[in-house]
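Converting from the sequence shown to our numbering requires adding 21 to each position, the first position being numbered 1. Every residue gets a Cβ at the ideal spot worked out from N, C-alpha and C, and that includes glycine.
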Amino acid sequence: MFPRLLVLAGPLKDSTIDLGDGETTLGREPGNSIVVIDPSVSRHHCLFRREADGGFQIKDMDSRNGTLVNGARVKEQVLRHGDQISIGDSAFLFQMEDQEQTAAANQVEFDESRLTAETTVIYPKDVVYLHPQRLLEDLQPSAQVAENLSALLKISRIVHAIRDLDELQAQLLSLIFEVVPAERGAILLSENAGQDISSFHARTRQSGQPRQLRVSRTIVSQVMKENVAILGIDVPGGKLRNVASLADAAVHSLLCVPLAVFHKTIGCIYLDSTSSSSRFSEDHLQLTAAVAGLSAVALDNARRVQWLEQENHRLTTEVSQEQSLIGESPRMKEIYQFLAKVAPTDSTVLIEGESGTGKELAARALHRNSPRSGKPFIAINCAAIPESLLESDLFGHERGAFTGAASQKKGRLEVADGGVVFLDEIGELAPALQVKLLRVLQEREFERVGGTRPIKVDIRLIAATNRDLSEAVRKGEFRQDLYYRLAVVKLAMPPLREHRDDITVLTRHFIQKHAKRCNVKAKPVSPEAMSLLVHYDWPGNIRELENAIERALVLGNSDMILAEDLPESLLEHGTEELKQGKYHAKVKDLKKDLIIAAVEQSRGNYVEAAGILGVHPNYLHRLIKNLGLRDELNEMLRAGPASKPPARPRISGGAA
22 MFPRLLVLAG PLKDSTIDLG DGETTLGREP GNSIVVIDPS VSRHHCLFRR EADGGFQIKD
82 MDSRNGTLVN GARVKEQVLR HGDQISIGDS AFLFQMEDQE QTAAANQVEF DESRLTAETT
142 VIYPKDVVYL HPQRLLEDLQ PSAQVAENLS ALLKISRIVH AIRDLDELQA QLLSLIFEVV
202 PAERGAILLS ENAGQDISSF HARTRQSGQP RQLRVSRTIV SQVMKENVAI LGIDVPGGKL
262 RNVASLADAA VHSLLCVPLA VFHKTIGCIY LDSTSSSSRF SEDHLQLTAA VAGLSAVALD
322 NARRVQWLEQ ENHRLTTEVS QEQSLIGESP RMKEIYQFLA KVAPTDSTVL IEGESGTGKE
382 LAARALHRNS PRSGKPFIAI NCAAIPESLL ESDLFGHERG AFTGAASQKK GRLEVADGGV
442 VFLDEIGELA PALQVKLLRV LQEREFERVG GTRPIKVDIR LIAATNRDLS EAVRKGEFRQ
502 DLYYRLAVVK LAMPPLREHR DDITVLTRHF IQKHAKRCNV KAKPVSPEAM SLLVHYDWPG
562 NIRELENAIE RALVLGNSDM ILAEDLPESL LEHGTEELKQ GKYHAKVKDL KKDLIIAAVE
622 QSRGNYVEAA GILGVHPNYL HRLIKNLGLR DELNEMLRAG PASKPPARPR ISGGAA
């Protein structure tokens with residue numbers, strides 16, 4: 022097995038790192054096997070180690086920001102093919118390749134010798150097996166012709182049933198060896214008509230994988246550029262003996278035919294033989310050219326499917342990176358430990374927490390690290406869909422079940438069969454639907470709207486809410502039996518103010534994310550701005566922090582995120598460190614003076630005070646809270662006129 026890391030994000034993006042048989046260390050210091058220049062990567066971050074059974078293991082070396090595999094923090098773990106590894110701002114995809122496939126990609130060597138010999142050349146229009154009319158006119162019926170047509174039918178049937186590119190190329194060469202006396206063969210594929218060969222696959226008739234196969238670049242280039250098939254019958258006796266690769270291999274006969282799709286040459290098939298008694302003939306040339314014509318589309322489709330699968334894997338990994346929980350505080354470590362224990366099970370999970378704390382990210386982490394990761398993850402917001410539509414959306418409906426039901430429709434529970442259903446804002450579910458959902462949890466079956474036949478589903482249910490469901494049960498607003506079914510395992514997502522240690526890490530993550538998405542330059546954060554970010558209470562939690570960082574990146578004019586680039590609510594809530602900046606301190610003091618004067622002038626009537634300032638009463642209350650004026654104003658109003666500040670001006674109106 023040949024392990025490697027495909028770098029999907031970070032300073033080494035778009036590179037491939039081969040992992041050897043020993044230990045491979047990764048970190049920021051130059052002494053590591055893999056050096057990643059990134060402040061979020063520790064000096065000695067982690068290592069990769071081959072085990073005795075041939076597997077590979079990753080081990081975190083007590084790094085500052087941790088090592089994540091498939092979104093979950095790990096200390097030591099055996100890697101599987103396709104695992105996604107996150108280290109700082111870098112993302113890697115772990116792959117294990119068979120030695121046979123890896124060798125095949127490196128076994129073709131080009132010989133640069135010039136081709137000076139006369140050869141037999143045919144063009145696609147001259148391939149009689151691909152033109153039925155010419156087949157009838159040019160070939161006399163014979164057993165050989167019938168055998169060739171039978172072979173072409175067999176090859177066409179087999180190659181068009183194979184999707185994997187490596188398997189298709191291996192099978193195609195084996196089939197060619199059955200009808201052509203070649204000893205060695207190769208399929209060379211290109212993206213731009215022979216300028217650059219992008220992939221190789223070579224085989225021999227006897228031993229399978231050759232150690233090395235040298236081919237003439239001149240022959241390959243002529244075949245692919247001119248879209249012609251070339252036959253060399255007597256190589257040693259002609260001027261082809263001057264081609265070094267053919268002379269070294271003692272080649273007696275060779276064939277090279279183009280692979281063309283819609284008048285575009287995508288590669289070629291190369292065959293040769295060292296036997297003087299088994300020479301190629303023009304019939305072999307015709308037959309091989311016909312095979313190339315029949316298989317070119319299948320090869321092109323397989324190559325495109327391979328590229329699409331790799332691209333899909335890459336994009337899925339990038340999305341997973343964006344949808345991963347981030348944080349290294351003790352509270353977040355508890356979350357990671359919980360997820361690692363619960364993910365492999367099928368238990369129903371209830372995730373509680375304020376809005377914006379990452380409840381859906383936790384649900385996706387459970388799905389991504391469970392045996393159901395290859396199945397659908399269906400997210401449903403119970404508060405966003407009207408009650409009249411939610412039942413049909415969840416359970417589906419039969420044709421004619423209600424006005425407008427023109428056809429049968431599968432519900433999301435049915436679509437999610439085998440996967441995970443995430444019900445967000447479960448506390449907003451209507452009582453009638455709570456009864457139906459209870460049956461789904463108990464029996465794993467339901468009926469479509471208007472249907473009579475029960476439908477069985479295999480799903481794992483994860484629910485989330487920002488309400489206190491136990492209190493809702495006490496008030497009769499939520500069914501007690503459903504609550505107990507949902508709360509088999511409970512997870513409480515902490516608000517951001519309870520794990521402020523993660524604000525710095527989250528800020529750096531959001532800067533990188535939105536700099537790329539908004540096409541702006543990533544910026545460092547000034548100490549003054551970072552102090553504001555760390556000490557703010559974040560009522561909107563992580564979602565509010567992300568929005569604040571995106572706003573600062575888009576609207577900021579300097580090479581650094583400054584305090585004035587942040588939302589006004591953060592400036593109003595300013596800390597002691599903010600007083601070091603005279604401008605913001607003066608603005609804050611002026612706001613305080615204006616509000617105190619307006620409240621004093623209105624004798625404690627906040628609606629009237631808001632009118633004096635020219636702002637909405639709700640906004641005035643928010644200003645008072647953010648500026649910490651509540652106690653001071655209450656004390657002033659209780660004390661009466663004696664506590665009036667001596668220099669408060671009267672305000673006749675206008676905005677604050």
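Only counting the same chain, and skipping five residues up and downstream in sequence, which positions put a Cβ closer than 7 Å to that of residue i?
i	result
S211	D217, I218, S219, M245, I287, G288
S274	G253, I254, V256, D293, S294, R300, F301
K613	L648, L650
S177	L315
D502	L459
Run through DSSP, which three-state label would residue i get?
i	result
E373	strand
L591	helix
Y557	coil
L209	strand
L641	helix
V56	strand
D147	helix
L312	First, the amino acid is wrong: residue 312 is Val here, not Leu. V312: helix per DSSP, three-state reduction.
F301	coil
A125	Only weak support exists for where A125 lies, its pLDDT of 40 falling under 50; the coordinates are left without a value.
K600	With a pLDDT of 47 at K600, under the threshold of 50, the predicted position of this residue should be treated as unreliable, and no value is reported.
Between residue i and residue j, what straight-line distance do the alpha-carbon atoms span, to the nearest angstrom?
i	j	result
E447	G425	Looking at the sequence provided, one finds Ile at residue 447 rather than Glu. Going by the C-alpha atoms only, they are around 27 Å apart.
N169	F221	27 Å
P452	E498	8 Å
D321	L329	12 Å
T141	L151	19 Å
E565	I406	24 Å
N626	R538	47 Å
H642	I616	10 Å
D304	H181	24 Å
L650	Y504	41 Å
P32	L186	31 Å
I197	V326	24 Å
A317	R205	20 Å
L490	A573	37 Å
I633	A619	6 Å
S376	A536	25 Å
Q585	S579	Contrary to the premise, residue 585 reads as Glu rather than Gln in this sequence. Looking at the two C-alpha atoms, the distance is approximately 11 Å.
Note down, in chain order, each residue of its chain lying with its Cβ closer than 6 Å to the Cβ of residue i, except the 5 sequence neighbours on either side.
i	result
G439	K396, D479
F531	E567, I570
A484	L371, L444, I447, L507
D42	R71
A404	E446, E449
V236	Y291
E44	L68, R70
Return the chain-ordered list of same chain residues with a C-beta closer than 8 Å to the C-beta of residue i, the five sequence neighbours on each side being excluded.
i	result
T378	M514, P515, P516, L517, N562, I563
E468	F416, R474, P475, I476
Q533	D110, A543
G92	Q105, S107, S341, Q344, S345, L346, R385, A386, R389, N390
Y357	A93, R94, L346
H102	F115, Q116, M117
V628	P638
V441	A384, L387, H388, S391, R393, K396, P397, F398, I399, I480, R481, L482, I483
S163	none
Would you mind reading off the limits of the beta strand (DSSP E) that contains residue i?
i	result
R495	R495 -> not in any beta strand (DSSP E); alpha helix (DSSP H) instead, spanning 490 to 495.
R460	Run containing R460: none in the beta strand (DSSP E); it sits in the alpha helix (DSSP H), 452 to 464.
D720	Residue 720 lies beyond the stretch modelled for the chain, which goes from 22 to 677, so this question has no answer here.
S220	218 to 225
D81	77 to 81
A404	A404 -> no beta strand (DSSP E), and no H or E assigned at all.
Beta-carbon separation of residue i and residue j under 8 Å?
i	j	result
R481	D367	yes
L40	F113	no
F423	G472	no
V62	I108	yes
I401	R352	no
V99	D81	no
V546	V363	no
T37	C67	no
T309	L280	no
Check for me: the alpha helix (DSSP H) holding residue i runs from which residue to which?
i	result
K544	Segment: none, K544 is in no alpha helix (DSSP H) and carries neither H nor E.
E168	164 to 180
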